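This report concerns only the one structure given below.
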Amino acid sequence: MSDRERRRADAVYEALLQRQGEQWVQPRVERTRRVLELLDDPQKTYRVVHVTGTNGKTSTSRIIESLVRAHGLRTGLFTSPHLERFTERIMIDGEPIDDAAVADAWDEIVPFVDLVDAELVAGGDARLTFFELLTVLAFVAFADAPIDVLVLEVGMGGSWDSTNSADGDVAVFAPIDLDHADRLGDTIAEIATVKAGIIKDGAAVVSARQDPAAEAVLRQAAAARGASISFEGAEFALAQQRLAVGGQQITVRGLAGTYEDEYLPLYGAHQGFNAALAVAAVESLVGGGTQPIAGDVLADGLGGATSPGRLQLIGAGPTVLVDAAHNPHGARALVTALREAFDFDEWGVVLGVLADKDAAGIVAEIAPVAAQVFATAPDSERAEEADAIADLAEAHGLRVSVHRDLADAAEAARAWAAASDRRAVVIAGSVVLAGEALNLAAAEDWKSGWSE
1 MSDRERRRAD AVYEALLQRQ GEQWVQPRVE RTRRVLELLD DPQKTYRVVH VTGTNGKTST
61 SRIIESLVRA HGLRTGLFTS PHLERFTERI MIDGEPIDDA AVADAWDEIV PFVDLVDAEL
121 VAGGDARLTF FELLTVLAFV AFADAPIDVL VLEVGMGGSW DSTNSADGDV AVFAPIDLDH
181 ADRLGDTIAE IATVKAGIIK DGAAVVSARQ DPAAEAVLRQ AAAARGASIS FEGAEFALAQ
241 QRLAVGGQQI TVRGLAGTYE DEYLPLYGAH QGFNAALAVA AVESLVGGGT QPIAGDVLAD
301 GLGGATSPGR LQLIGAGPTV LVDAAHNPHG ARALVTALRE AFDFDEWGVV LGVLADKDAA
361 GIVAEIAPVA AQVFATAPDS ERAEEADAIA DLAEAHGLRV SVHRDLADAA EAARAWAAAS
421 DRRAVVIAGS VVLAGEALNL AAAEDWKSGW SE
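Here you go:
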């Protein structure tokens with residue numbers, strides 16, 4: 001891709017950043033619908049698998065996309081946030097969108113955005129936001145590609161999220177837990193009610209095991225919409241999982257068949273459950289839940305699944321993993337995976353968290369496996385101060401050091417781990433920090449080992 005095209009794409013991102021930020025969310029999906037209407041509803045030109053939940057949304061979305069692509073269908077994948085560059089959020093056939101394609105789509109939507117902005121301002125409302133515009137941009141780019149199937153991850157919540165301007169043929173629910181309580185509600189039932197808004201008339205619904213309160217809400221919403229609903233543990237299940245080199249072997253009892261000893265190149269028990277959910281979603285999309293996925297297609301789809309920034313190995317000699325783990329539920333899954341999938345005596349945890357997250361809850365979950373905490377701050381104006389993270393860790397009786405940035409924290413952690421072959425490092429607490437870690441590991445070539 002030429003420098004000119006890269007500059008055009010970077011200008012699109014700069015224009016998006018001039019908008020109300022991603023954390024500024026208003027329950028107003030109709031604004032996004034208005035722009036899409038003017039653009040002739042590009043989101044209606046392909047089939048849609050819509051994915052929500054509190055944890056595991058992105059990994060589940062990525063596994064679904066890989067499985068759909070293995071069927072020979074052209075795919076789009078819309079996820080957030082990005083780790084390194086915003087084009088990662090708009091994937092076409094497994095690759096970030098071309099700079100030229102994203103810039104062309106932007107040129108296409110700008111006149112209509114200006115029109116709707118003017119209408120909003122005249123009505124005393126705020127202009128279209130970063131995420132609303134990104135959603136419209138993605139829908140147009142996917143229609144231009146064109147794609148056959150879009151795997152669409154909800155930004156936040158469900159019913160009023162801008163992605164809900166698309167109608168999912170399949171609605172997928174990863175585990176629902178307390179997160180974003182200030183915007184989504186104080187109880188699991190309230191949060192589930194907002195998320196259940198993605199269930200459309202006559203859709204197929206597949207869900208991970210849920211808290212009984214969330215399950216009741218989803219069943220009620222599906223019944224009201226005339227949608228079928230299948231839960232993990234009842235209609236489909238992860239029947240077996242065992243460690244394998246670079247990941248795990250799983251057996252999935254799907255909606256339409258049982259798939260024995262399939263290789264999944266992802267670490268962590270939770271990824272096995274995400275894969276079972278993905279299999280049920282794809283069975284529902286292709287063949288209405290009545291046709292098994294062909295063996296070679298399934299092997300290809302699962303074997304090609306990746307989940308950047310989720311229990312990803314980014315360093316060797318010493319071992320360094322990165323995991324986004326940006327809420328207590330994610331941190332709990334991380335700790336389980338570190339215990340079950342890796343054979344180390346001591347973990348050094350480089351920890352940086354955003355201020356709007358439950359840092360105390362994350363530290364409490366990570367404390368039992370942390371031999372040493374290297375407290376730092378992600379490179380974000382929303383970052384919690386490293387000293388505050390250190391105070392939380394010290395309250396759990398942990399050994400802690402404070403570092404001005406990730407580079408400093410990672411250097412100290414890798415030096416600490418290099419002192420014994422029974423030690424390893426995990427960098428966690430924030431998607432922003434995970435993106436920084438991927439960049440730093442590549443720039444400093446952590447896979448070639450530690451040197452003073």
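Under this note's numbering, read the sequence shown as residues 1 to 452, first letter to last. Cβ coordinates follow ideal geometry from the N, Cα and C atoms, glycine included. Everything numeric in this text was worked out from a predicted model, so none of it was measured.
Reduced DSSP secondary structure (H/G/I, E/B, other) of residue i
{"i": "residue 32", "result": "helix"}
{"i": "residue 370", "result": "strand"}
{"i": "residue 421", "result": "coil"}
{"i": "residue 251", "result": "strand"}
{"i": "residue 431", "result": "helix"}
{"i": "residue 136", "result": "helix"}
{"i": "residue 446", "result": "helix"}
{"i": "residue 236", "result": "strand"}
{"i": "residue 436", "result": "helix"}
{"i": "residue 268", "result": "coil"}
{"i": "residue 273", "result": "helix"}
{"i": "residue 122", "result": "helix"}
{"i": "residue 410", "result": "helix"}
{"i": "residue 13", "result": "helix"}
{"i": "residue 109", "result": "helix"}
{"i": "residue 385", "result": "coil"}
{"i": "residue 303", "result": "helix"}
Between the CA atoms of residue j and residue i - distance to the nearest angstrom
{"i": "residue 302", "j": "residue 251", "result": "12 angstroms"}
{"i": "residue 421", "j": "residue 364", "result": "26 angstroms"}
{"i": "residue 242", "j": "residue 267", "result": "10 angstroms"}
{"i": "residue 277", "j": "residue 424", "result": "31 angstroms"}
{"i": "residue 439", "j": "residue 201", "result": "43 angstroms"}
{"i": "residue 359", "j": "residue 328", "result": "8 angstroms"}
{"i": "residue 436", "j": "residue 333", "result": "22 angstroms"}
{"i": "residue 42", "j": "residue 254", "result": "32 angstroms"}
{"i": "residue 234", "j": "residue 21", "result": "40 angstroms"}
{"i": "residue 99", "j": "residue 337", "result": "36 angstroms"}
{"i": "residue 114", "j": "residue 197", "result": "29 angstroms"}
{"i": "residue 112", "j": "residue 130", "result": "15 angstroms"}
{"i": "residue 446", "j": "residue 124", "result": "52 angstroms"}
{"i": "residue 222", "j": "residue 207", "result": "11 angstroms"}
{"i": "residue 353", "j": "residue 83", "result": "15 angstroms"}
{"i": "residue 357", "j": "residue 132", "result": "22 angstroms"}
{"i": "residue 104", "j": "residue 37", "result": "19 angstroms"}
{"i": "residue 141", "j": "residue 94", "result": "14 angstroms"}
{"i": "residue 209", "j": "residue 231", "result": "6 angstroms"}
Whole-angstrom C-beta distance between residue j and residue i, which should lie under 8 angstroms
{"i": "residue 214", "j": "residue 170", "result": "That pair is no contact at about 18 angstroms."}
{"i": "residue 51", "j": "residue 172", "result": "4 angstroms"}
{"i": "residue 366", "j": "residue 335", "result": "6 angstroms"}
{"i": "residue 430", "j": "residue 324", "result": "7 angstroms"}
Local Cβ density within 10 Å of residue i, reported as buried at 16 or more and exposed below that
{"i": "residue 101", "result": "buried"}
{"i": "residue 40", "result": "exposed"}
{"i": "residue 14", "result": "exposed"}
{"i": "residue 195", "result": "buried"}
{"i": "residue 453", "result": "There is no way to answer for residue 453, as the model of the chain reaches only from 1 to 452."}
{"i": "residue 399", "result": "exposed"}
{"i": "residue 119", "result": "exposed"}
{"i": "residue 291", "result": "exposed"}
Kindly confirm or deny that the segment 399-411 and the segment 47-61 touch, where touching means at least three C-beta pairs closer than 8 angstroms. no
With a cut-off of 8 angstroms, do at least 3 Cβ pairs link the segment 294-308 to the segment 256-274? yes
Quick check: the segment 62-69 against the segment 134-143, are there 3 or more CB pairs under 8 angstroms? no
Meets three-Cβ-pair contact criterion under 8 angstroms: the segment 73-81 and the segment 147-154: yes
Three-pair Cβ contact test at 8 angstroms for the segment 272-290 versus the segment 372-381: no
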